[in-house]
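Q: Sharing a structure here in structure tokens format.
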Amino acid sequence: MSVIHQLQQIYPSMRVINEAEAGDSDQWDYFLTPEKELIAIPKIERNNQEAELLSIFLTPFEKDSMTETERETAWKELTSSGSQYAGMSWPQSYRFILFTFDDTGTEKSTIKEALQSLFPERVPLIWQSDRSGYIVEEIFSSGQEVLSFEGIPDVLMSDFYTNIRFFTSHFSSDLKEAPSILKWSLSGADLADRYHLPAVASYKDIIPYFYIDYLPEAYWHQVEQSIFQEVLEDKELLQTIKVFLETGSNTSLAAKKLYMHRNSMQYRVDKFIEKTDLDIKDFKGAVITYLALLHLQL
Numbered sequence: 001m002s003v004i005h006q007l008q009q010i011y012p013s014m015r016v017i018n019e020a021e022a023g024d025s026d027q028w029d030y031f032l033t034p035e036k037e038l039i040a041i042p043k044i045e046r047n048n049q050e051a052e053l054l055s056i057f058l059t060p061f062e063k064d065s066m067t068e069t070e071r072e073t074a075w076k077e078l079t080s081s082g083s084q085y086a087g088m089s090w091p092q093s094y095r096f097i098l099f100t101f102d103d104t105g106t107e108k109s110t111i112k113e114a115l116q117s118l119f120p121e122r123v124p125l126i127w128q129s130d131r132s133g134y135i136v137e138e139i140f141s142s143g144q145e146v147l148s149f150e151g152i153p154d155v156l157m158s159d160f161y162t163n164i165r166f167f168t169s170h171f172s173s174d175l176k177e178a179p180s181i182l183k184w185s186l187s188g189a190d191l192a193d194r195y196h197l198p199a200v201a202s203y204k205d206i207i208p209y210f211y212i213d214y215l216p217e218a219y220w221h222q223v224e225q226s227i228f229q230e231v232l233e234d235k236e237l238l239q240t241i242k243v244f245l246e247t248g249s250n251t252s253l254a255a256k257k258l259y260m261h262r263n264s265m266q267y268r269v270d271k272f273i274e275k276t277d278l279d280i281k282d283f284k285g286a287v288i289t290y291l292a293l294l295h296l297q298l
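Right under this line is the structure:
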């Protein structure tokens with residue numbers, strides 16, 4: 001059974017169309033099948049999760065793809081196949097900025113305009129679904145300023161009344177690495193979302209989560225039982241220890257963050273060490289404990 005026939009069983013109103021018929025993206029999703037057939041699926045017949053799954057197995061087709069810039073086309077080709085456009089002025093270095101927003105009711109053109117306004121020059125912006133895509137921040141000179149994301153999600157959320165999340169990759173000067181960096185960044189953004197990291201997360205934030213995510217859940221149960229058996233129900237103590245470790249084991253700073261007296265903080269740290277037999281003031285004990293605390297998602 002062909003892809004078209006399988007999809008028609010799930011989405012009865014799906015149509016095979018030509019490019020000229022691709023019109024209202026508020027009502028329809030457009031995709032290219034592996035056989036390069038253009039199909040239209042009514043948005044009312046699918047949910048957000050189905051739209052993301054369709055974007056994995058099919059190629060999203062943008063009705064405004066004709067206005068796609070040359071640089072956007074070049075980066076899409078580079079990240080998908082590794083091919084570099086001849087004659088293109090490639091940057092000295094680059095990074096990927098992945099974005100996701102919850103509300104699919106906002107026009108993509110409006111979102112794109114808002115994201116473009118964050119940069120002094122036009123940047124390549126490639127959509128991957130109705131509510132996600134990535135920006136390529138290109139660096140052409142050593143003195144070029146890098147975008148700081150401080151406060152940006154709050155501003156955008158107040159403008160569009162929806163949650164917006166960003167994930168930033170590291171900078172690289174190796175164009176051949178672009179496909180693998182983007183793939184790794186997509187995995188990192190997924191981890192940041194699943195573990196409820198802040199609205200702006202970077203490659204540095206998610207590295208510990210790669211370690212904890214690949215350990216089987218049954219093993220994590222044993223880890224948690226072995227470490228936290230005596231304190232597992234004391235969520236306040238566990239949260240205190242997490243803050244203590246995140247502040248570099250600085251008792252005064254951790255106490256300040258939690259609005260408690262330094263002596264109270266020291267008492268809780270000592271209590272945790274006594275009950276778990278893990279010295280979290282020691283690097284090894286701190287690493288083991290912190291990874292386990294991350295998995296608990298306090």
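According to the working numbering, the sequence shown is numbered sequentially starting from 1. C-beta: ideal position from N, C-alpha, C; glycine also. These numbers come from a predicted model, not from an experiment.
If the criterion is Cβ atoms closer than 8 Å, does the pair Phe171 and Ala192 meet it?
A: Their beta carbons are not under 8 Å apart, which means Phe171 does not touch Ala192 by this criterion.
Q: Do Ile207 and Tyr292 have their beta-carbon atoms positioned less than 8 Å apart in this structure?
A: Correcting the residue identity first, residue 292 is Ala in this sequence and not Tyr. It is not a contact, given that the beta carbons lie outside the stated cut-off.
Q: Using the three-state DSSP reduction, which class does Val16 fall into: helix, strand or coil?
A: If DSSP states are grouped into helix, strand and coil, Val16 belongs with the strands.
Q: Write down every uninterrupted run of the alpha helix (DSSP H) in the stretch 161-205 whose length is 4 residues or greater and which is fully enclosed by it, in chain order.
A: DSSP runs (the alpha helix (DSSP H)) wholly in the stretch 161-205: 178-194.
Q: Any idea what DSSP makes of Pro91, helix, strand or coil?
A: Looking at Pro91 - three-state DSSP - the assignment turns out to be coil, as it is neither helix nor strand.
Q: Can you give me the start and stop residues for the beta strand (DSSP E) that Gly133 sits inside?
A: Run containing Gly133: 132-139, per the beta strand (DSSP E) assignment.
Q: Spatial neighbours of Trp28 within its chain, please: CB distance less than 7 Å, with the 5 preceding and 5 following residues excluded, ordered by chain position.
A: Around Trp28: Ala40, Ile41, Pro42, Lys43.
Q: Can you give the Cα-Cα distance for Asn18 and Tyr30, rounded to whole angstroms?
A: Approximately 11 Å between the Cα atoms of the pair.
Q: Quick test of your reading: Pro60 and Gln6, contact by CB under 8 Å. State the CB separation rounded to the nearest angstrom.
A: With a Cβ gap of about 18 Å, Pro60 and Gln6 do not count as contacting.
Q: Which of the three DSSP states, helix, strand or coil, is assigned to Phe99?
A: Reduced to three states, the DSSP call for Phe99 is strand.
Q: Using 8 Å as the threshold, is the C-beta distance between Tyr85 and Glu138 below it?
A: Result no, Cβ atoms of Tyr85 and Glu138 do not sit closer than 8 Å.
Q: Could you check where the alpha helix (DSSP H) with Tyr259 kicks off and where it finishes?
A: Taken as a continuous stretch (DSSP letters only), Tyr259 belongs to no alpha helix (DSSP H), as it is neither H nor E.
Q: Assuming Tyr30 is part of the beta strand (DSSP E), what are its boundary residues?
A: Segment 28-32, the beta strand (DSSP E) holding Tyr30.
Q: In chain order, what residues of the same chain have a beta carbon less than 7 Å from the beta carbon of Ala51, not counting five sequence neighbours either side?
A: Around Ala51: Asp29, Ser129, Asp130.
Q: Hey, out of Asp103, Ile97, Ser109, whose CA is closest to Ser202's CA?
A: The shortest C-alpha separation from Ser202 is found at Ile97.
Q: Are the Cβ atoms of Thr308 and Val269 separated by less than 8 Å?
A: Because residue 308 is not part of the residues shown, which for the chain are 1 to 298, the question remains open.
Q: Below 8 Å, can you find three or more Cβ-Cβ pairs linking the stretch 270-286 to the stretch 230-245?
A: The stretch 270-286 is in contact with the stretch 230-245.
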